[in-house]
Structure formats: structure tokens, C-alpha cells
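Sequential numbering from 1 applies to the sequence shown in UniProt numbering.
To start, the structure itself, in C-alpha cells.
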Amino acid sequence: MKTTPVGKKHRQPLEGWPSVEDLFVFVTVARNGGFARAALELGLSPSYISKRIAILEKCLNARLFFRNNRVMRLTPEGENALCGAMQVVSEMDGFVSRLDNQRGVLAGNITINCSFGFGHKYVAEALSSFMIAYPDITVKLTLTDREVDLVEEGVDIEIRVGDDINELYIARQLATNRRILCASPEYLERHGKPESVSTLVQHDCLMIQEKNSAFGNWILTDGKQQTHCRLNGFHSSNSGSVVLIWALKGHGITLRSEWDVAQYIERGELVRVLPQWYQEANIWAVYTRRSSSSDRIKICIDFLTEHLAQCLPGGKAPGVL
């Protein structure tokens, strides 16, 4: 590597290498599928994003995107470059985090993903308190009801309701939770209560397709045995909030988390059905092995664990009886 003699005009080390900033912009554009959405995420102008991509393409001597007025997608060279860029950005983030950890500095960014229902109802408030306690940590919360690739989408922590977790990730339990069967008094007055799980098939059951969960199949347990209830002829939605409204309006039996229906049961607007049967659906913080080395990630998970144990109906921190 060339060195610059003292007193000479300084030149950029490793001239011709792409900057980490440009690689980060490239990864963000690829993840968002366009300049406008990437600019919105980064708080920059689309013209600046376009300029940085042009500089990167010139530096790499490669066209990274096919683009016209309607479509933007990666070229074959862009797909190859994206793999390397993601690795560089990830390593740089880990490098900075390790330095911050050594200095005892709790600062930087945390990107968290959660489902719409739980995010609105509990996580937003918990993170509000976290931001007050740790003002130097910048929080980004994204709400989705689909499967998330933590690495590809740049997510540090996914807060997941349910015990189906990708074995490639690390999972730490934040709180206990169960999904329970319930219906409105009006529905039960018209149709009666099911006498056993086997008779659920005779009822109007309201289904929700959440992430990669099995559709039309309720897996229930009474603490001793497990049973699969395969249902048909039911109303369905991909929104838990919609299904809850339908249950409150008397359209059928639903299987929802205790945190989602506890207030309605307490007010008598919903009634538990087959109360001995439930589905385990604990609440987890899911993250990558790289994120596990970050003190700010650990602090955030500790904070969420304490907050959720206090505010969730029936929720307890792991290991608390």
C-alpha cells in the first residue's frame, strides 16, 4: 500500500475502493426497491441517493440496477455486489459496536420489527420509555405481519408472538403468553358452546393467516395432551384486528392472544370457550448472532423484558412463577 510523505497533499487511503457510506446506501436502496423509499428511510434526498449510487457504480465499474420510470431491480452484477456490500456493512456495524462497548457508550441505532397488533398495543409504549431512558440510542420500529429476513432487511431485533422460530437465529423469551378460544355472548346464545375440541368443526371459527403459521389448523393443548383441530367453512383475514372485530360482532369463535382479548373478557364482551384448551404463544426477542455482541441490543431486550412483565395481562418474565 502506498504511503503519503509528510507535508505532501493527503490522498484517500486505498484510492479506488468504495466508501462504506456508499455501500450502506446501496444496501438500503436494494432493500427498499427504489431511491425514493431509501431516501425516506435515510432522511436524505432522492437526488443525493442517486448521486451516491452513480459514484459507487463508477468506482466498481459495474451497473448495479436496471431502472426505468416504473421498475428498479438489481442486475446480475448488482446481486453479486449486494452480498459483499451487506457483509462489509455488517462488519462495520459490529466493529463500531465493539468500540462503543469498550468505551461503555450506549449509543447508535436499533431497528426493531414487530406485528401490527402487538406493536401498536405494547411495543410502541415500551420503546417510548426506552428512548427516554437511553436518549443516545436511535430507535426504528417497523410493523409488518409477514415473515422477516433479519439480515437482508437490516433488522436487529424481531419481537415475535409465537413459538415457531427459525433455528438460524437466537431467541430470548421476553414474556409468557397463550392464545385462548373466545366468542361473544351473542354468538354463544345462537349456536351454543362447543362441548369439546372435536366439535369446533361444527362452529363458525374465525381464522387469521399470520406470517408462516398453518392456516385452518388450530394446535391446542390442555397441558397434558396436544390436538390438531382442522377447520373448514370459516371466515378469515390476514389481520388480527379484523378477526377480533368480527368476534366482538358475534360472527364466530376466535383463537387470540390473552393480551389481545383480556380487556374484552373482563368487560363481558367476549367469553372464554373450552377454557382448559389453549395454544402456547410466548413472546420472544429474535436476533442474529452478530447482534448478540452489541450491548445496546442486550440493554434493549432487558428493558423490554421488564416492561412487558409489568404491563401484559397474565404475562410474566421467563422463569417467574
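Every residue gets a Cβ at the ideal spot worked out from N, C-alpha and C, and that includes glycine.
Quick check on this structure: which residue in the options has the alpha carbon closest to the alpha carbon of residue i?
i	options	result
Ala281	Val151, Ile180, Ser45	Ile180
Ser90	Ser293, Glu77, Phe66	Ser293
Ala247	Arg296, Val271, Glu195	Val271
Glu269	Ile283, Pro185, Gly216	Pro185
Lys298	Asn109, Arg52, Leu44	Asn109
Ile53	Glu41, Leu40, Pro18, Gly84	Pro18
Phe118	Ser291, Glu79, Arg256, Glu306	Arg256
His307	Cys182, Glu125, Leu99	Glu125
Ser241	Asp149, Arg172, Asp260	Asp260
Glu266	Phe35, Lys51, Cys182	Cys182
For residue i, I'd like the list of residues in its chain whose CB is within less than 6 Å of its CB, leaving aside the five on either flank, ordered along the chain.
i	result
Val20	Met92
Thr199	none
Ile157	Ile112, Ala285, Tyr287
Tyr264	Leu270
Ala62	Glu77
Ala171	Ile165, Trp284, Val286
Ser291	Asp156, Ile297
For residue i, count the other beta carbons within 10 Å of its own beta carbon; 16 or more makes it buried, fewer makes it exposed. Which is it?
i	result
Gln202	exposed
Leu168	exposed
Ile132	exposed
Ile245	exposed
Val243	buried
Arg296	buried
Ser45	exposed
Asn177	buried
residue 327	Missing from the structure shown is residue 327; the chain here goes from 1 to 321 and no further.
Ser47	exposed
Gly162	buried
Phe95	exposed
Ser128	exposed
Ser196	exposed
Leu99	exposed
Pro135	exposed
Glu57	buried
Kindly give me the distance between the Cβ atoms of residue i and residue j, rounded to whole angstroms, as I take these residues to be in contact under 8 Å.
i	j	result
Asp204	Ile253	7 Å
Val151	Thr28	Wrong, their Cβ atoms sit about 14 Å apart, outside the cutoff.
Ala175	Leu312	5 Å
Ile208	Asn238	7 Å
Ala107	Leu23	Going by Cβ atoms, the distance from Ala107 to Leu23 rounds to 22 Å, so no, they are not a contact pair.
Phe116	Cys300	Not really, about 20 Å apart at Cβ, beyond 8 Å.
Gly216	Leu206	Wrong, their Cβ atoms sit about 12 Å apart, outside the cutoff.
Suppose the cutoff is 8 Å on Cβ atoms and the five residues either side in sequence are ignored; what does the same chain contact list for residue i look like?
i	result
Gly16	Cys59
Val123	Ile112, Cys114, Leu141, Ile159, Leu304
Arg31	Ala38, Glu152, Glu153, Gly154
Arg190	Gly250
Gly319	Its pLDDT being 44, under 50, Gly319 is placed unreliably in this model, and the value from its coordinates should be taken loosely. Excluding positions up to five away in sequence, the list is empty.
Phe66	Met72, Arg73, Leu74, Thr75
Leu188	Val271, Val273
CB-CB under 7 Å to residue i, same chain, minus the five flanking residues each way: which ones, in chain order?
i	result
Ile219	Gln226, His228, Gln279
Gln276	Asp222
Pro5	Here the model assigns Pro5 a pLDDT of 43, short of 50, so the residue's position is not dependable, and the following value carries that caveat. Within the same chain, Pro5 has no close Cβ partners at all.
Glu41	Thr28, Asn32
Glu258	Asn177, Arg178, Ile180, Pro313, Gly314
What does DSSP give as the partner residue(s) for residue i in the beta ladder?
i	result
Asn109	Thr138
Ala183	Val271
Leu74	Phe65
Ile283	Val161, Ala175
Ile301	DSSP, once it has assigned bridges, lists no residue as partnering Ile301.
His228	Ile219
Thr254	Cys182, Leu206
Ser47	Answer is none; Ser47 lacks a bridge partner.
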